[in-house]
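Contents: one structure, followed by commentary.
Protein chains: 2
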Amino acid sequence: MSNGLKIGIAGLGTVGSSLGQLLETKAQTLTKSCGKDLTVTAVSAANKDKDRDFDLYKAAWFDNAVELAEKADINVLVELIGGEDGVAYDAVKAALLRGCHVVTANKALLAKHGMEFAEIAEEKGVILNYEAAIAGGIPIVKAMREALSGNKISRVYGIMNGTCNYILTRMLADNMSFEDCLADAQRLGYAEADPAFDIEGNDTAHKLALLTSLAFGTQLAADEIYLEGITNITIDDIHAADELGYRIKLLGVAQKTDTGIEQRVHPTMVPTNSLVAQVDSVTNAVAVETDLLGELVMSGPGAGGMATASAVIGDLADIAKSREGAQHAPVFGNPVKELIEYKRAKMREHKGGYFIRLSVEDKAGVIANIATHMADQSISLKSIVQRAQNGGASDYNQTVILVTHATTEQAVRDTVEYIEKEGYLTAAPQVIRIEDPDKA
Amino acid sequence: MSNGLKIGIAGLGTVGSSLGQLLETKAQTLTKSCGKDLTVTAVSAANKDKDRDFDLYKAAWFDNAVELAEKADINVLVELIGGEDGVAYDAVKAALLRGCHVVTANKALLAKHGMEFAEIAEEKGVILNYEAAIAGGIPIVKAMREALSGNKISRVYGIMNGTCNYILTRMLADNMSFEDCLADAQRLGYAEADPAFDIEGNDTAHKLALLTSLAFGTQLAADEIYLEGITNITIDDIHAADELGYRIKLLGVAQKTDTGIEQRVHPTMVPTNSLVAQVDSVTNAVAVETDLLGELVMSGPGAGGMATASAVIGDLADIAKSREGAQHAPVFGNPVKELIEYKRAKMREHKGGYFIRLSVEDKAGVIANIATHMADQSISLKSIVQRAQNGGASDYNQTVILVTHATTEQAVRDTVEYIEKEGYLTAAPQVIRIEDPDKA
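Respectively, the protein sequence lines represent chains P and Z. Start counting the first sequence at 123; every next residue gets the next number (this note's numbering). Start counting the second sequence at 123; every next residue gets the next number (this note's numbering).
Given below as structure tokens:
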């Protein structure tokens, strides 16, 4: 068909190669459902000579992705290079400026430059799709941009990093330390050699920034996210959570409050019988709470060549089915001009339940003192458990685990600070927020 | 805007009224995200004088839905009348023939006449959307028709009837009988005065028929569904399942096998730690298993005025954003001409695990006899538990609970038949299929 969709793929790593291969093997199916052919007409990658599973000869080769974006005979650029700047940025911008549609899986790039890209895309009347950028194969962007039309969203949250979820799941399942699980994740290819970006929560934060804009019609504000990774989570926390009826998950949460919008990424206790608690290993999940629909939860693979390529193909199919000159759905759900400025809610005013684990000297009056400090800050306790710590060296130490009813971050921070000053803590206190997905 | 979308609503019950109201209160938001106004220009219902929450005066009133479909100044008909034939059928057909888009929440109508409607819609180049017809607010049609482009689906299954899920959840939570839960569901408005259609599985079957076509590119075959309702499920089954690590859910399952496609609706045991097991009360869930994506699970409200209206609004927004003369996504994912004939897999060749509960006389040799019958049919047992039944009258009875490894329906039916002939059963045997969503 002469009016087929001509696709340029920039970046031929795992996802790019899977995509190239699938567009060949699934050509017939896609032509049928899209009403036109989807053909890869141009590719670029760092190394032309690497063995790849699909036939490059039909496509024009470009050593440089930007040159591909500027000059290749394409209708849509698929950016799979990665990186928040550099070639990825230049290529996407060049393609949009030229009036090419763009599909990208690059959350870091979008979190930083999404507003600029959206503006150009609107101006040029082209589509910028990024389903693969958030929670891999889960069609959350489509759900939020299209299916939830007319819904007012009050909260969106999710498990959006497979590395972290794998580690947290494994710690409980196999009673392993954080460090051992991380090492295993690296061995299995679930974690990078330098895992900081995943386990410190940055990757989740990028995805959350995009969700926040889609949910609340605000400008992207990826730098305004409260960030806590999972490096601090011990096997003791995991066990304590389990006993209390919770699982620990690294959640990204965006939520409207009286003072603005909270964007936070931190280890979170969720009830064991909630849906997100059952989302294990590298699987991702995103939940959206709205005025009309109530709660929608979607779960699926968050990464992997095939799952990511699946999301990219969905994006390409939408572009293939779109009509030249048609009004396209705005990149972040609303026209750029109408996106409102992001107003950050103060983290200290965050309201929720808290899990507090304290290591204390085994002496009279400590519990009374802790309870008094809690009462002073008007913190109401749901449960308090005291017990001897295991092992020889800490025979004289006790663990005190407190679970609060809803209170404020400020009250908890103040309380912990006062308790630390008392001098009976034998280790740094642990504080983990509790999110009750079913009772929001 | 002169090129706004003109909507005719046929049927002003709970959903229709919610919809009318929402299109007014959300007008600004919808105009912004769709790029045009969405206006109700015509309505019809049985009773004009009933008090409704939105202003009918702006819309033209029709006593007759078919007349509305034929004559009103509309671009899209929203059919919310219900019923698999009659006025709903006539109105939808009239609208399509006239070149009007159609949105409907009517699964019974589509399950019966979907092929005819799809053909007309294609011929006339109009859209037939039905997101609300399957699992209420969950955007499963959008996911399957659009996001999963290029994916080959191997299985789709779901909890798609809120009445059944409410009853099964409540039985376990409050240790209540089926009958008491049903009565409560009726009091709370979760079940109809005549609940047969829900609890016998027919409603789930209608939704499953639509999913099957979307998943496998087959013609609708709603009459070819193996059907078992939940009326037979006792509190003993619920407890036995719980002890074995399962929940009982009414699932609709469509699955490719060597001999065809299974379409089956029946009470099913799913592992307690699976996602679908945690989907409680009136909430619905649908899971799709594919070659590229792996497993996608979506959960959300399956009914209710607002949730259903939300799905209808999503459908309307898609129509508003579509372009006149554009190629629209085929109604069932593939052009009608290319839908292949449905080939039913033999239920007797179904493979899976089975839970078998037998009430037997307390006498020597019974267990040995049961085990021998199982072995004769090459059924391998995962567990077997025998215990005295509670209560006075059955002091001399024993309950035997067998859980099988994967076997065939034929083998189980034969075994149960042979065991029944032995004469030691004191009540009808119970057989419940086990589905392992995480091990497909």
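Every residue gets a Cβ at the ideal spot worked out from N, C-alpha and C, and that includes glycine.
Asked, Found
"Say whether chain P places a C-beta atom closer than 8 Å to the C-beta of Z:Met298.", "no"
"Return helix, strand or coil for Z:Gln143, following the three-state DSSP convention.", "helix"
"Distance check for Z:Asp358 and Z:Val482, CA to CA, integer angstroms please.", "15 Å"
"Do we get a CB-CB distance below 8 Å when we pair Z:Ser335 with the residues of chain P?", "no"
"So, helix, strand or coil for Z:Glu314, using DSSP?", "coil"
"Which residues mark the beginning and the end of the alpha helix (DSSP H) in which Z:Tyr211 is found?", "Gly208 to Leu219"
"Assuming Z:Val162 contacts Z:Ala181 under a Cβ cut-off of 8 Å, what Cβ separation, rounded to an integer in Å, is found between them?", "5 Å"
"Going along the chain, which residues of its own chain have a beta-carbon closer than 7 Å to the beta-carbon of P:Lys468, five neighbours each way excluded?", "Thr381"
"What is the rounded straight-line gap between the Cα of P:Val398 and the Cα of P:Ala337?", "19 Å"
"Would Z:Leu152 count as contacting chain P if we go by Cβ distances under 8 Å?", "yes"
"What in chain P is Cβ-close to Z:Gly455, meaning under 7 Å?", "Ser155"
"Name, please, each residue of chain Z whose Cβ falls closer than 9 Å to the Cβ of P:Asn125.", "Neighbours of P:Asn125 on chain Z: none; closest Cβ ~10 Å, over 9 Å."
"Taking only beta-carbon positions, decide if P:Ser276 is within less than 8 Å of chain Z.", "no"
"Report the neighbours of Z:Gln400 on chain P: residues whose CB is nearer than 9 Å to its CB, in chain order.", "Asn395, Ser396, Leu397, Ala399 and Gln400"
"Pull up the distance between the alpha-carbon of Z:Ile131 and that of Z:Leu202, whole angstroms please.", "7 Å"
"What residues in its chain sit with their C-beta under 6 Å from that of Z:Gly323, if we drop five residues either side in the sequence?", "Leu349, Gly351 and Val387"
"From Z:Gln499 to Z:Glu557, what distance separates their C-alpha atoms?", "21 Å"
"Measuring CB to CB, does P:Leu290 end up less than 8 Å from P:Lys246?", "no"
"Are the segment 259-270 of chain Z and the segment 427-435 of chain Z touching by the rule of at least three beta carbon pairs closer than 8 Å?", "yes"
"Output, in chain order, the set of chain P residues within a Cβ distance shorter than 7 Å of Z:Asp440.", "Glu268"
"If we define contact as Cβ-Cβ less than 8 Å, is P:Ala562 a contact residue for chain Z?", "Caution applies to P:Ala562, whose pLDDT of 36 falls short of 50 and renders its modelled position unreliable; the value that the coordinates give is listed next. Judged by the 8 Å Cβ criterion, P:Ala562 is not in contact with chain Z."
"Is the beta carbon of P:Val165 less than 8 Å from the beta carbon of P:Val198?", "no"
"I'd like to know if Z:Gly280 contacts chain P, where contact means its C-beta is closer than 8 Å to some C-beta of that chain.", "no"
"DSSP state of P:Thr334, grouped into three classes?", "helix"
"According to DSSP, Z:Arg174 sits in a beta bridge with which residue or residues?", "Partner(s): none; Z:Arg174 has no beta bridge."
"Considering only their Cβ atoms, is the gap separating Z:Thr340 from Z:Ile383 smaller than 8 Å?", "yes"
"Among the candidates P:Ala442, P:Arg466, P:Ile478 and P:Ala549, whose CA atom is the shortest distance from the CA of P:Cys156?", "P:Ala442"
"Any beta-carbon of chain P closer than 8 Å to the one on Z:Ile435?", "yes"
"Cβ of Z:Ala233 within 8 Å of Cβ of Z:Leu145?", "no"
"Which stretch, first to last residue, makes up the alpha helix (DSSP H) that contains P:Asn491?", "Val488 to Asp498"
"Tell me, please, which residues DSSP counts as bridged to P:Tyr279.", "P:Val375 and P:Ala409"
"Within 10 angstroms of the Cβ of Z:Thr462, are there 16 or more other Cβ atoms? Answer buried if so, exposed if not.", "Correcting the residue type first, residue 462 of chain Z is Ile in the shown sequence and not Thr. Label assigned to Z:Ile462: exposed."
"Can you find a heavy atom of the ligand NAD that lies under 7 Å from the Cβ of P:Ile435?", "Judged by which ligands are present, the structure shown has none, so any question about the ligand NAD falls away."
"Using CA coordinates, which residue listed in Z:Ser139, Z:Leu190, Z:Glu206 and Z:Gly133 is at the minimum distance from Z:Ala167?", "Z:Gly133"
"In its own chain, which residues sit with a C-beta less than 6 Å from the C-beta of P:Gly126, not counting the 5 before and 5 after it?", "Lys158, Asp159 and Thr161"
"For P:Arg369, count neighbouring Cβ atoms within 10 angstroms of its own Cβ and tell me buried if that reaches 16, exposed if not.", "buried"
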